[in-house]
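Visitor:
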Amino acid sequence: MDKIIALCKRRGFVYPGSEIYGGFGNSYTYGPYGAELKKNIKDLWWQTFVQNREDVVGIDADIILHPKTWEASGHVGGFNDQLVDCKNCQARFRADHLVEDALGQDCEGLPDEEVTKIIKDNNLKCTKCGKTDLSDVRKFSQMFSTQMAKTGAGATAYLRPETAQAMFLEYKNILDSMRVKLPFGIAQQGKAFRNEITPGNFIFRRLEFEQMEIEYFIREEQWKEVFEAWLGRMKDWCDTIGLKAEHVHELEHAQEKLSHYSKRTVDLEFDFPFGKKELYGLAYRTNFDLTQHQEHSGKKLEYFDDATGERFIPHVIEPTWGLDRTILAVLCEAYTEEKLEDGSERTVMKITSKLAPVKVAILPLMKKDGLSEKAHEIFKDLQSLGNCEFDKSGAIGKRYRRQDEIGTPVCVTVDYDTLEDDTVTIRDRDTMKQERIKISELKNLVRERYFA
Numbered sequence: 033m034d035k036i037i038a039l040c041k042r043r044g045f046v047y048p049g050s051e052i053y054g055g056f057g058n059s060y061t062y063g064p065y066g067a068e069l070k071k072n073i074k075d076l077w078w079q080t081f082v083q084n085r086e087d088v089v090g091i092d093a094d095i096i097l098h099p100k101t102w103e104a105s106g107h108v109g110g111f112n113d114q115l116v117d118c119k120n121c122q123a124r125f126r127a128d129h130l131v132e133d134a135l136g137q138d139c140e141g142l143p144d145e146e147v148t149k150i151i152k153d154n155n156l157k158c159t160k161c162g163k164t165d166l167s168d169v170r171k172f173s174q175m176f177s178t179q180m181a182k183t184g185a186g187a188t189a190y191l192r193p194e195t196a197q198a199m200f201l202e203y204k205n206i207l208d209s210m211r212v213k214l215p216f217g218i219a220q221q222g223k224a225f226r227n228e229i230t231p232g233n234f235i236f237r238r239l240e241f242e243q244m245e246i247e248y249f250i251r252e253e254q255w256k257e258v259f260e261a262w263l264g265r266m267k268d269w270c271d272t273i274g275l276k277a278e279h280v281h282e283l284e285h286a287q288e289k290l291s292h293y294s295k296r297t298v299d300l301e302f303d304f305p306f307g308k309k310e311l312y313g314l315a316y317r318t319n320f321d322l323t324q325h326q327e328h329s330g331k332k333l334e335y336f337d338d339a340t341g342e343r344f345i346p347h348v349i350e351p352t353w354g355l356d357r358t359i360l361a362v363l364c365e366a367y368t369e370e371k372l373e374d375g376s377e378r379t380v381m382k383i384t385s386k387l388a389p390v391k392v393a394i395l396p397l398m399k400k401d402g403l404s405e406k407a408h409e410i411f412k413d414l415q416s417l418g419n420c421e422f423d424k425s426g427a428i429g430k431r432y433r434r435q436d437e438i439g440t441p442v443c444v445t446v447d448y449d450t451l452e453d454d455t456v457t458i459r460d461r462d463t464m465k466q467e468r469i470k471i472s473e474l475k476n477l478v479r480e481r482y483f484a
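When the letters of the sequence shown are read in order and numbered with the numbering used here, they come out as residues 33 to 484.
1) Report all residues from its chain with a CB closer than 6 angstroms to the CB of H281; omit the five preceding and five following residues, and keep chain order.
2) Is DSSP giving P7 helix, strand or coil here?
3) Take H347 as the anchor and find which of S173, K256, M175 has the nearest alpha-carbon.
4) Would you tell me roughly how many angstroms separate the C-alpha atoms of E288 and Y53, rounded to the nearest one?
5) Please name the residue in F320, T340, D401 whose C-alpha comes closest to that of L333.
6) On the DSSP letters alone, give me the boundaries of the alpha helix (DSSP H) that E257 sits inside.
7) Give every residue of the same chain whose Cβ lies closer than 6 angstroms to the Cβ of R459, excluding the five residues on either side of it in the sequence, and list them in chain order.
8) Does the segment 78-92 come within contact of the segment 217-224, defined as at least 3 CB pairs closer than 8 angstroms?
9) How would you label T340, buried or exposed, when you count the other beta carbons within 10 angstroms and need 16 or more for buried?
10) For Q137, name the three-state secondary structure that DSSP assigns.
11) Applying the 10 Å Cβ sphere with the 16-neighbour rule, what's the burial state of E473?
12) Quick one: what's got a C-beta closer than 6 angstroms to I246's C-beta in the same chain, skipping five residues either side?
13) To the nearest angstrom, how far is the alpha carbon of D453 from that of K470?
14) Can you tell me whether Y65 is helix, strand or coil according to DSSP?
15) Ignore the nearest five residues each way along the sequence and tell me which others in V380's own chain have a CB closer than 6 angstroms to its CB.
16) Along the chain, where does the beta strand (DSSP E) containing A315 start, and where does it finish?
17) Taking a contact to mean a Cβ-Cβ separation below 7 angstroms, would you say V446 touches E421 in this structure?
18) Among the residues of its own chain, which have a CB less than 7 angstroms from the CB of T148, if the five just before and after it don't count?
19) If R238 and P193 are in contact, beta carbons under 8 angstroms, what's the gap, nearest whole angstrom?
20) Rounded to whole angstroms, what's the CA-CA distance from T297 to L156? Just pull it up for me.
21) Please confirm whether C316 and F259 have their CB atoms less than 7 angstroms apart.
22) Can you tell me which of the three DSSP states N227 falls into?
23) How would you call M266, buried or exposed, if buried means at least 16 neighbouring beta carbons within 10 angstroms?
24) Tell me whether H285 sits in a helix, a strand or coil according to DSSP, three-state version.
25) Suppose only complete runs of 3+ residues qualify. What are the beta strand (DSSP E) ranges in the segment 68-92, listed by chain order?
26) What residues match up with E437 in a beta bridge as DSSP calls it?
27) Alpha carbon to alpha carbon, how far is Q137 from S105? Give it in angstroms, no decimals.
28) Measure the alpha-carbon distance for G439 versus A388 and round it to whole angstroms.
29) Answer yes or no: do R126 and T230 have a C-beta to C-beta separation smaller than 7 angstroms?
30) Alpha carbon to alpha carbon, how far is K430 from V456?
31) Can you give the Cα-Cα distance for R124 and D117, rounded to whole angstroms?
32) Which whole-angstrom value describes the C-beta separation of I235 and I345, a residue pair presumed to lie in contact below a C-beta threshold of 8 angstroms?
33) How big is the Cα-Cα spacing for D153 and L115?
34) Just to confirm my understanding: we take A93, look at its own chain, exclude 5 residues before and 5 after, and list those with CB closer than 8 angstroms. What are they?
35) With DSSP as the reference, label Q243 as helix, strand or coil.
36) Which residue marks the beginning of the alpha helix (DSSP H) containing L27, and which one marks its end?
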């Protein structure tokens, strides 16, 4: 993991946030290549699950929603972690994580006093200073609050801890304005905020993160069939972005561990370098959310079936993709160290071509003698394939290695023969094989071989 983090900073994928001030609480900035990778993932997801489907529409809602939203959803009263402090060094921990790491015991869902007793009876130590002087367990809200400009009751609002609720709030508007019939979905990409006690593992767990979610509205009797269909689509997505099937696992949540709104939840976990952890989630939320919002808002949120004359509140299947975790999984899967036939070694990011931050690199062999000008003409022509890079500085071998480390699928080298016969050398990232082709064939060949 340390090697991946170092590469991410060195090659412009991810920088520590506010680094000139010493960093700031697990915040990160996506650099130029990280931003391209992130955009490519979002665009591919939107194309796959919204544009290529007739039954899903997309929205883009505000981060700050009406405060009553979070009362209806249960977040105000129940979106809490169990916090324990070290009285000696003031370090803070999630109590359930502390117990699980020390004893291998799952205490999630137990009352605060029971978890406190487990910690005291076993003399659990602070993992920072080693002392056993730990506080009693208490509830800690994960929601970030903010003060609105108006005064009086209702002045406190929240940064959304999930993107889902906006889709339930706009469900009625979608019914009224779009020609949707059950089953149908509402999709959204956007930021969410959780005041985590123990963020960590690079960009895996952040205070500010992005989700890609769908609320898929159905009849109750359809839920098992639709649930399995979406689980299949989510596995297909993992394959599309280059995650190996043997690194992706299903985890069925036990009934007693389900969220208050869920009747069934399955996680897709990924083999990260720091362990098998949750990547995506699929939940059957029943009709909990729409029922709650109907009750708290006083607005009817029923669906009318004009074929049967029925009125009812639809049930919901919710597939959720974490964007930051997707980026991390793609980077971890792609990171490869290879020993070459000549005894040398190289590091290469084998990112699938659809997601690669740079699609093609155009490299003039030398800066002078007209090679740069010819290479720049080719660069301009290939830009319609996606983000291309023109690099003329340094030895050609070092430039190849740099492109390997940022995951560029193909490099095009312009040399002196190019000026004579209008041919160039293309080099494949994964095989390192080189071949000579005509410039007139270059664009179509690259498009068909790498991006079809």
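A virtual CB, placed ideally from N, CA and C, is assigned to each residue, including glycine.
Values in this document were obtained by computation on a predicted structure and should not be read as measured data.
Guide: Taking the coordinates as given:
1) Position 249 of the sequence shown holds residue 281. Excluding residues within five positions, the ones whose Cβ falls inside 6 angstroms are E301.
2) Any answer about residue 7 is impossible in this case: the structure gives the chain only from 33 up to 484.
3) Locating residue 347 in the sequence shown gives position 315, counting from the first residue. With distances taken between Cα atoms, H347 lies closest to K256.
4) Counted from its first residue, the sequence shown places residue 288 at position 256. Counted from its first residue, the sequence shown places residue 53 at position 21. The straight-line gap separating the alpha-carbon atoms of E288 and Y53 is approximately 44 angstroms.
5) Position 301 of the sequence shown, counted from the start, is the residue given in the question as residue 333. That would be F320, whose Cα lies nearest to the Cα of L333.
6) One-based indexing of the sequence shown puts residue 257 at position 225. For E257, the enclosing alpha helix (DSSP H) begins and ends at 255-272.
7) As a first step, residue 459 is located in the sequence shown; it is residue number 427 there, counting from the start. Same-chain partners within the cutoff: C443, Q466.
8) yes
9) Residue numbering aside, residue 340 sits at position 308 when the sequence shown is read from its first letter. The residue is exposed, with fewer than 16 neighbouring Cβ atoms inside 10 Å.
10) Counted from its first residue, the sequence shown places residue 137 at position 105. It is coil, neither helix nor strand.
11) Start at 1 with the first residue of the sequence shown, and residue 473 comes out as number 441. The residue in question, E473, is exposed, as its Cβ has fewer than 16 Cβ neighbours within 10 Å.
12) Locating residue 246 in the sequence shown gives position 214, where the first residue counts as 1. Within the same chain, I246 has close Cβ partners G217, A219, P351.
13) Residue mapping note: residue 453 aligns to position 421 of the sequence shown, counting from 1. Residue mapping note: residue 470 aligns to position 438 of the sequence shown, counting from 1. Approximately 8 angstroms, taken between the alpha carbons.
14) Here the question's residue 65 lines up with position 33 in the sequence shown. The three-state secondary structure of Y65, taken from DSSP, is helix.
15) In the sequence shown, counting from the first residue as 1, residue 380 sits at position 348. So the qualifying residues of the chain are T368, D436.
16) Position 283 of the sequence shown, counted from the first residue, corresponds to residue 315. That run of the beta strand (DSSP E) goes 307-318.
17) For the purposes of this step, residue 446 is taken as residue 414 along the sequence shown, with counting starting at 1. For the purposes of this step, residue 421 is taken as residue 389 along the sequence shown, with counting starting at 1. The criterion of a C-beta distance shorter than 7 angstroms is not satisfied by V446 and E421.
18) Counted from its first residue, the sequence shown places residue 148 at position 116. Excluding positions up to five away in sequence, the list reads D168, V169.
19) For this step, residue 238 is matched to residue 206 along the sequence shown. For this step, residue 193 is matched to residue 161 along the sequence shown. No, R238 and P193 are not in contact; Cβ-Cβ is about 13 angstroms, not under 8 angstroms.
20) Looking up residue 297 in the sequence shown gives position 265. Looking up residue 156 in the sequence shown gives position 124. Rounded to whole angstroms, T297 to L156 spans 32 angstroms at the Cα level.
21) Residue 316 sits at position 284 when you count from the first residue of the sequence shown. Residue 259 sits at position 227 when you count from the first residue of the sequence shown. Here the sequence assigns Tyr to residue 316, which means Cys is not the residue at that position. Their beta carbons are under 7 angstroms apart, which means Y316 touches F259 by this criterion.
22) Your numbering for residue 227 matches position 195 in the sequence shown. N227 falls in the coil class under three-state DSSP.
23) Indexing the sequence shown from 1 puts residue 266 at position 234. Looking at its Cβ environment, which holds 16 or more other Cβ atoms inside 10 Å, M266 is buried.
24) Taking the first residue of the sequence shown as position 1, residue 285 is located at position 253. H285 falls in the coil class under three-state DSSP.
25) 88-90
26) In the sequence shown, residue 437 corresponds to position 405, counting from 1. Beta-bridge pairing links E437 to no other residue.
27) In the sequence shown, the residue the question calls residue 105 occupies position 73. In the sequence shown, the residue the question calls residue 137 occupies position 105. Taking the straight line from one Cα to the other gives about 30 angstroms.
28) Translated into positions along the sequence shown, residue 439 becomes position 407. Translated into positions along the sequence shown, residue 388 becomes position 356. Rounded to the nearest angstrom, the two C-alpha atoms are 6 angstroms apart.
29) Walking along the sequence shown from the start, residue 126 turns up at place 94. Walking along the sequence shown from the start, residue 230 turns up at place 198. Result yes, Cβ atoms of R126 and T230 sit closer than 7 angstroms.
30) As a position in the sequence shown, residue 430 is number 398, starting the count at 1. As a position in the sequence shown, residue 456 is number 424, starting the count at 1. So the two alpha carbons sit approximately 19 angstroms from each other.
31) Here residue 124 refers to the residue found at position 92 when the sequence shown is read from its first residue. Here residue 117 refers to the residue found at position 85 when the sequence shown is read from its first residue. R124 and D117: Cα-Cα distance of roughly 5 angstroms.
32) By one-based count along the sequence shown, residue 235 stands at place 203. By one-based count along the sequence shown, residue 345 stands at place 313. Rounded, the Cβ-Cβ distance is 37 angstroms, inconsistent with contact.
33) The count along the sequence shown starts at 1 and reaches residue 153 at position 121. The count along the sequence shown starts at 1 and reaches residue 115 at position 83. Distance between the alpha carbons of D153 and L115: 17 angstroms.
34) Stepping through the sequence shown from its first residue, residue 93 is reached at position 61. Same-chain partners within the cutoff: T195, A198, M199, L201, E202, Q220, G222.
35) Taking the first residue of the sequence shown as 1, we reach residue 243 at position 211. Here Q243 sits in strand by DSSP.
36) The structure shown does not extend to residue 27, since the chain is modelled only from 33 through 484, so no value can be given for it.
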